[in-house]
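Visitor: Letter by letter, the sequence shown follows residues 1 to 200 in full-length UniProt numbering.
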Amino acid sequence: MGLTERKIRQQQELKEQIICCSREIVENEGWAALSIRKIADAIEYSVPVIYKHFENKEAISAYFVQEGFQKLLQSMDQEIQADKVIAIKIDQLAKAYWLFAVAHPKHYEIMFGLGIPTCEKTRESEDIKKVSDKMLDLIDEAILESGKKKIDRYLKLKTLWSILHGIVAIDLLSIDSNESRCPSEVLADAMDGYIKSILV
1 MGLTERKIRQ QQELKEQIIC CSREIVENEG WAALSIRKIA DAIEYSVPVI YKHFENKEAI
61 SAYFVQEGFQ KLLQSMDQEI QADKVIAIKI DQLAKAYWLF AVAHPKHYEI MFGLGIPTCE
121 KTRESEDIKK VSDKMLDLID EAILESGKKK IDRYLKLKTL WSILHGIVAI DLLSIDSNES
181 RCPSEVLADA MDGYIKSILV
């Protein structure tokens with residue numbers, strides 16, 4: 001391995017060390033405790049070294065937001081069965097969303113700390129857009145099956161995301177963070193009403 005390749009590998013390993021340390025701080029102390037100084041002290045490097053990889057704390061947070069939406073999309077892909085009827089697939093999407101939030105509460109907190117993504121935020125992030133498009137695809141399928149002509153797909157997207165985020169945010173405050181249980185009856189009831197609002 002040449003000198004250049006070795007330096008590149010060392011820099012990548014250092015970046016991964018910064019990410020790993022950041023994750024530990026967040027898991028143990030919360031997002032408010034994360035700082036460039038604390039990371040530098042933990043991995044025994046100077047602050048300027050950290051800045052070579054992440055320009056500020058917000059850049060580290062942005063990394064975890066991106067990672068979180070990638071994990072959310074994976075959860076949806078794993079849970080949604082393409083051969084099922086649309087009502088079941090929307091229920092599966094809701095379950096995937098719930099299970100992701102329960103399994104990754106710190107990711108969820110930083111992803112949705114200020115509410116669901118705006119249209120501008122969705123356009124700026126490819127990973128957020130992929131999640132949004134996954135939801136829109138199911139909404140479009142439901143609208144097509146309903147035969148209705150005047151349903152606003154973007155309104156239905158915002159409604160769906162609001163239902164999921166609202167119920168998850170409330171329920172996550174009242175469940176054991178280590179308890180990976182199925183979605184609540186409230187979520188199931190809300191999704192039943194949402195699906196009927198399109199199909200019936």
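Where a beta carbon is used, it is the ideal one built from N, C-alpha and C, also for glycine. As the structure is a prediction and not an experimental result, all values here were calculated from the model.
Report the residue ranges of all alpha helix (DSSP H) runs contained in full by the region 105-163; include only those spanning at least 4 residues, in chain order.
Guide: 105-112, 119-124 and 126-146
Visitor: Measuring only the C-alpha atoms, how far is A33 from W161?
Guide: 29 Å
Visitor: With a Cβ-Cβ cutoff of 8 Å, do L157 and I139 count as a contact?
Guide: Against a cut-off of 8 Å, the Cβ pair of I139 and L157 comes out as a contact.
Visitor: List the whole-angstrom C-beta distance separating I19 from Y51, where the pair is believed to meet the contact cut-off of C-beta under 8 Å.
Guide: Contact flag wrong, Cβ pair sits at about 15 Å.
Visitor: Which residue comes first and which comes last in the alpha helix (DSSP H) that contains K98?
Guide: Sequence check: residue 98 is Trp here, not Lys. Residues I86 to A103.
Visitor: Is the beta carbon of A142 sitting closer than 8 Å to the one on I88?
Guide: The answer is no: Cβ separation not under 8 Å.
Visitor: Which of helix, strand or coil does DSSP assign to D41?
Guide: helix
Visitor: In the DSSP assignment, find the alpha helix (DSSP H) that holds I25 and state where it starts and stops.
Guide: Residues L3 to E29.
Visitor: Cutting at 7 Å between CB atoms, please list the residues of its own chain near Q70, excluding the five before and the five after it.
Guide: D127
Visitor: Evaluate contact between the region 15-31 and the region 102-113, counting only Cβ atoms and requiring at least three cross-stretch pairs below 8 Å.
Guide: With the rule of 3 Cβ pairs closer than 8 Å, the region 15-31 counts as touching the region 102-113.
Visitor: Give me the Cα-Cα distance between E24 and A59, rounded to the nearest whole angstrom.
Guide: 17 Å
Visitor: Please classify I90: is it buried, with 16 or more other beta-carbons within 10 angstroms of its beta-carbon, or exposed?
Guide: buried
Visitor: Straight-line CA distance for K15 to K95?
Guide: 33 Å
Visitor: Report all residues from its chain with a CB closer than 8 Å to the CB of K57; omit the five preceding and five following residues, and keep chain order.
Guide: L34, S35 and I36
Visitor: For E124, which of V47, V65, G193 and D77 has the nearest alpha-carbon?
Guide: V65
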